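Here the sequence shown stands for residues 5 to 71, numbered as in the numbering used here.
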Amino acid sequence: ENVLSGSYPLSRTLYIYVAKEPNKPLPAVTTEFLKYILSKAGQEIVIKDGFLPLPAKVVEKELAKLK
């Protein structure tokens with residue numbers, strides 16, 4: 005709860021960065037990978053590995069960027 009709210013001082017956010025050519029779509033394999041890690045199954049793996057899942061609003065926002 006405190007980590008998710010940002011009130012716990014010893015926490016950090018992890019990001020995934022992908023290289024994308026300007027004015028070109030992401031390769032299909034990259035898009036599918038990102039969709040998978042944002043899916044329920046992907047977020048369950050995150051939890052299993054000891055991390056906190058993304059909030060639903062963040063998942064929605066990131067999935068919208070992939071359309």
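Glycine included, C-beta positions come from ideal geometry on N, C-alpha and C. None of these values were measured; they are calculated from a predicted model.
* Asked: Is Leu38 helix, strand or coil by DSSP?
  -> helix
* Just mark Leu56 as buried or exposed, buried being the case when its beta carbon has 16 or more other beta carbons within 10 Å. => exposed
* Pick from Ile41, Lys71, Asp53, Val22: whose alpha carbon is nearest that of Ala60? -> Nearest C-alpha to Ala60 among Ile41, Lys71, Asp53, Val22: Ile41.
* To do: Taking the CB atoms as reference points, tell me whether Leu18 and Leu38 lie closer together than 9 angstroms.
  => For Leu18 and Leu38, no; Cβs fall outside 9 angstroms.
* **Sub-9 angstroms separation of Gln47 and Leu58 beta-carbons** => yes
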